[in-house]
Amino acid sequence: MPVPLLHRLAVALVRRAWAFAETYGRVSAGQPGRHRFARLGDGACLAFPPGAVFGEQAITIGDHTLVGAQVSISAGYGPGQDLGGELVVRIGARCSIGRGSHIVGHRSVRIGDDVFLAPYVYVTDQNHGYSDPRRPIGRQLPVNAPVVIGDGCWLGTGAIVLPGARLGRHVVVAGGAVVRGTFPDHCVIAGVPARIVRRYVPGEGWRSTRNPPPDTPTPEEQGAMKKAPEGDIPLMIVGDSISHGSSGDWTWRYFFWKHLKNQGLSIDLVGPKDTLDNIRTAEVGDDDATYADPGFDRDHDAQWGRPYVQEKDVIEEKVAEYEPEYLLVLLGINDLFWYGVTPPQFAANLREFLANARRPAPGLKIVIGTVLETRKALDDPEFAALVDATNRELRAVAAAEGVAVAETAAEFRAPEHTWDGTHPNPAGEVRIAAAFADRLAAAHGLGAPYPRPYPVLDSVDPAAKAPMEPAPGD
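Taking my numbering, the leading residue of the sequence shown gets 7, the next gets one more, and so forth.
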């Protein structure tokens with residue numbers, strides 16, 4: 007039966023109207039809608055129809071970035087929320103955000119340049135908490151953690167990026183992968199949860215981690231090839247950037263190790279890392295070994311940005327692998343600042359961390375440090391009160407669990423003992439080392455208290471922290 011003329015005209019009219027809406031409904035730098043955003047770069051475009059887009063005053067989109075139809079980009083909890091002038095969602099230049107994707111920011115989502123998201127990718131820096139088993143999960147306070155997606159990454163259809171994820175440069179994320187944790191440059195990750203399945207090795211090319219080449223040692227051979235112990239008493243330091251350190255630092259690990267060696271103790275520091283963070287570049291995970299004095303046992307388990315809320319899920323396998331007799335832990339500031347953890351949530355996470363750490367080693371001796379003073383706490387009374395409440399919870403959990411507490415905050419003052427308001431300078435490193443040494447001696451009879459008065463040490467060389475100049479032609 008022929009289609010009636012009126013019907014054909016109606017179809018044609020609807021199609022023309024839709025084409026008109028797609029052409030003139032898009033938002034670009036040349037249209038008034040751009041003024042809602044903190045920045046909408048030259049040549050950038052948000053296709054029509056959009057998804058839910060709000061909090062534009064806290065969103066920046068770089069030059070020549072294309073955002074597909076039905077993409078939702080949000081900053082904050084809802085339209086009209088005052089975000090205090092802070093940027094929450096930053097999308098770089100020359101990116102492509104596929105149809106139906108969601109980028110949901112509450113604290114910080116940073117997407118680099120030349121990043122491609124296939125359709126229906128979900129990126130968020132917030133998740134529901136579930137520390138209280140008596141309350142519905144949807145009614146518990148959320149947990150926030152910043153997300154970083156490095157330059158040149160490709161995320162396949164349906165990938166999910168969870169709070170706290172940090173992707174290096176040129177990372178391929180397989181479709182449907184669920185990403186959490188930190189991944190280095192030039193790797194392929196897949197699965198639930200995502201794991202590295204391929205890595206680029208300079209001079210060798212791309213190598214599979216699932217099917218190693220014939221000359222790759224077996225797990226049994228790798229175990230036999232483990233680094234020889236440097237002492238008789240294995241001790242693992244677990245921490246965040248304060249323990250990891252960065253370019254040019256001594257680290258408190260150095261002063262602690264040196265003190266115990268001076269006591270005649272045969273200490274073997276253990277852990278999966280032996281490097282500092284390379285703070286001179288913007289890249290993620292590019293550690294270096296530029297210690298002020300590299301002449302010590304540098305093994306550790308510390309990483310910039312690490313919180314209890316993540317470390318509790320992996321500490322069991324680390325204790326099982328490295329078999330420490332003592333575990334020294336200094337975490338917590340990231341839980342409060344980046345992850346929005348409340349003191350009761352902190353207490354629950356700490357209890358879970360301790361239980362998991364002890365599971366493979368019931369006799370493990372654990373010493374936990376208190377959350378240090380920072381410039382933010384001095385400038386923000388509410389945050390200072392949060393730190394104090396968290397340290398009270400920490401001491402209460404430690405007493406209940408039979409764990410020693412190193413009062414690392416007792417002699418640590420941010421103005422005198424940090425180089426940037428958070429991270430310790432040499433004077434601060436000595437005071438952290440002293441707090442752990444004092445508590446080990448008092449609680450476990452290991453070594454002696456740290457000698458006082460403290461030595462007077464030079465400040466951090468600013469050149470050690472200065473950004474690297476780009477090489478000619480970069």
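A virtual CB, placed ideally from N, CA and C, is assigned to each residue, including glycine.
On a predicted model such as this, the values are computed, not experimentally measured, just so you know.
Tell me where the alpha helix (DSSP H) around residue i begins and ends.
i, result
"residue 396", "387 to 407"
"residue 433", "432 to 450"
"residue 468", "468 to 471"
"residue 363", "349 to 364"
"residue 265", "258 to 268"
Residue i bridges to which residues according to DSSP?
i, result
"residue 51", "34 and 72"
"residue 279", "306"
"residue 252", "283"
"residue 424", "430"
"residue 80", "60 and 110"
"residue 370", "Answer is none; residue 370 lacks a bridge partner."
"residue 375", "412"
"residue 245", "308 and 336"
"residue 274", "240"
"residue 45", "66"
"residue 294", "282"
"residue 195", "179 and 202"
Taking the beta strand (DSSP E) that residue i belongs to, which residues open and close that run?
i, result
"residue 340", "Not the beta strand (DSSP E): residue 340 falls in the alpha helix (DSSP H), residues 339 to 343."
"residue 212", "211 to 214"
"residue 332", "332 to 336"
"residue 315", "Segment 314 to 317 is the alpha helix (DSSP H) holding residue 315; no beta strand (DSSP E) there."
"residue 325", "Unbroken run through residue 325 is the alpha helix (DSSP H), 321 to 328; no beta strand (DSSP E)."
"residue 201", "201 to 207"
"residue 66", "65 to 67"
Note down, in chain order, each residue of its chain lying with its Cβ closer than 6 Å to the Cβ of residue i, except the 5 sequence neighbours on either side.
i, result
"residue 214", "204"
"residue 160", "122 and 178"
"residue 304", "280"
"residue 238", "272"
"residue 57", "76, 77 and 78"
"residue 367", "325"
Sorted by chain position, which residues of the same chain lie with C-beta nearer than 7 Å to residue i's C-beta, five sequence neighbours on each side aside?
i, result
"residue 423", "430, 431, 433, 434 and 437"
"residue 473", "286"
"residue 315", "149, 341, 345, 347 and 355"
"residue 81", "61, 64, 65, 89, 94, 95 and 111"
"residue 131", "111, 112, 113, 114, 115, 150, 151, 152, 153 and 169"
"residue 284", "253, 292, 293 and 294"
"residue 359", "314, 317, 318 and 321"
To the nearest angstrom, report how far apart residue i and residue j are at their CA atoms.
i, j, result
"residue 175", "residue 192", "6 Å"
"residue 455", "residue 260", "16 Å"
"residue 173", "residue 185", "9 Å"
"residue 341", "residue 272", "34 Å"
"residue 402", "residue 393", "14 Å"
"residue 246", "residue 97", "27 Å"
"residue 371", "residue 409", "8 Å"
"residue 183", "residue 194", "11 Å"
"residue 230", "residue 125", "Low confidence applies here, because residue 230 scores a pLDDT of 43, under 50, leaving its location unreliable; read the following figure in that light. About 46 Å."
"residue 352", "residue 379", "17 Å"
"residue 222", "residue 279", "Any reading at residue 222 needs caution, since the residue's pLDDT is 49, under 50, leaving its predicted position unreliable; the model's value is listed next. Rounded to the nearest angstrom, the two C-alpha atoms are 21 Å apart."
"residue 268", "residue 274", "14 Å"
"residue 140", "residue 313", "24 Å"
"residue 227", "residue 243", "Caution applies to residue 227, whose pLDDT of 45 falls short of 50 and renders its modelled position unreliable; the value that the coordinates give is listed next. Cα to Cα, residue 227 sits roughly 26 Å from residue 243."
"residue 105", "residue 75", "5 Å"
"residue 266", "residue 330", "16 Å"
"residue 346", "residue 45", "27 Å"
"residue 154", "residue 15", "50 Å"
"residue 86", "residue 43", "13 Å"
"residue 357", "residue 363", "10 Å"
"residue 211", "residue 190", "15 Å"
"residue 439", "residue 369", "23 Å"
"residue 171", "residue 78", "20 Å"
Any heavy atom of the ligand ATP inside 6 Å of the beta-carbon of residue i?
i, result
"residue 265", "Ligands displayed in this structure: none; no statement on the ligand ATP is therefore possible."
Spatial neighbours of residue i within its chain, please: CB distance less than 8 Å, with the 5 preceding and 5 following residues excluded, ordered by chain position.
i, result
"residue 119", "68, 98, 99, 100, 101, 157 and 158"
"residue 447", "453, 454 and 455"
"residue 461", "436"
"residue 465", "425, 431 and 432"
Please specify which runs of the beta strand (DSSP E), each continuous and at least 3 residues long, are wholly inside the region 92 to 134, giving them in chain order.
-> 95 to 97, 108 to 111, 115 to 117, 128 to 130 and 132 to 134
Contained beta strand (DSSP E) runs [length at least 3] in the region 149 to 191, N- to C-terminal order = 153 to 155
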